[in-house]
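Below: the structure, in structure tokens.
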Amino acid sequence: MILHICCAPCGGGCVERVKEEGGRPVLFYSNSNLNSLEEFERRLACVRQLAESQQIELVVDPYDHESWLKAVRGYENEPEQGERCRHCFRFSLTRTALFAGERKFCTTLTVSPRKRSKVIFEIGARWENFVPEDFKKRDGYRRSCEIARECGFYRQNYCGCEFSLRDNGGNDENNLS
Ligand code: SF4
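So my numbering is basically just the index in the sequence shown, starting at one, shifted up by 23.
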């Protein structure tokens, strides 16, 4: 199972779930939506830590924010959970699908209470091998937060793009608690 991963704080519970269900996840870190390469590397460092602790493979999709900006052009002023996010999800899922080929894939994006799984599943439905796994079910978000605290993962307090940072008042401090 290819598991598209946005960050380690979301990913911990998802990796655990896939393993519980008998799968062996390969992590695909695709995060061109992030506002800077520095933030991309910062989140990647914790994803590497997660992959190593779980002894699973990690593949990194090169950062390409210019292409992402083109994909969301015209939606910059949408609020989080609006149309910009739909295009953002499509962008990352398309890259994941290209990497997955015929293998099954799903995404950690569904673990966040701030992301509507229904929208993610509507986008994913275009690929036969997309698995609509709703990681927020069965207390998935709480479990991911628990693992993040135990492992001391950097946990950002904005979604990732410059527009979400703007709407958060520019506050990008770690909010792990
Ligand atoms: S707020 Fe998050 S999901 Fe929405 S466009 Fe920005 S990075 Fe993507």
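Glycine included, each C-beta is placed from N, C-alpha and C at the ideal position.
When the Cα atoms are used, what is the spatial distance from residue i to residue j?
i: Phe114; j: Glu173; result: 31 angstroms
i: Trp150; j: Ala120; result: 8 angstroms
i: Cys37; j: Lys138; result: 15 angstroms
i: Phe158; j: Tyr177; result: 20 angstroms
i: Val134; j: Cys29; result: 10 angstroms
i: His88; j: Cys184; result: 9 angstroms
i: Gly46; j: Thr130; result: 14 angstroms
i: Ala123; j: Cys111; result: 18 angstroms
i: Leu50; j: Leu26; result: 5 angstroms
i: Cys168; j: Asp162; result: 10 angstroms
i: Ile152; j: Lys141; result: Note on identity: in this sequence residue 152 is Asn, with Ile being the wrong assignment. Asn152 and Lys141: Cα-Cα distance of roughly 17 angstroms.
i: Glu101; j: Asn58; result: 16 angstroms
i: Phe128; j: Arg166; result: 21 angstroms
My output table needs one value for residue i: the three-state DSSP class, helix, strand or coil.
i: Ile28; result: strand
i: Tyr164; result: helix
i: Cys184; result: coil
i: Gln81; result: Note on residue identity: the sequence assigns Leu, not Gln, to residue 81. Of the three classes helix, strand and coil, the one that applies to Leu81 here is strand, per DSSP.
i: Leu67; result: helix
i: Val142; result: helix
i: Leu57; result: coil
i: Phe114; result: helix
i: Phe176; result: coil
i: Val38; result: helix
i: Val49; result: strand
i: Phe122; result: helix
Applying the criterion that 16 or more other CB atoms from any shown protein chain within 10 Å of the CB defines a buried residue, is residue i buried or exposed?
i: Gln179; result: buried
i: Ala74; result: buried
i: Val82; result: exposed
i: Gly175; result: exposed
i: Gly105; result: exposed
i: Pro136; result: exposed
i: Pro85; result: exposed
i: Ala171; result: buried
i: Leu60; result: exposed
Just to check, is the beta-carbon of residue i closer than 8 angstroms to a non-hydrogen atom of the ligand FMN?
i: Glu62; result: The ligand FMN is not part of this structure, which contains only the ligand SF4.
For residue i, verify whether its CB is less than 8 angstroms away from any heavy atom of the ligand SF4.
i: Glu103; result: yes
i: His110; result: yes
i: Ser187; result: yes
i: Asn56; result: yes
i: Val95; result: yes
i: Gly183; result: yes
i: Arg107; result: yes
i: Lys138; result: yes
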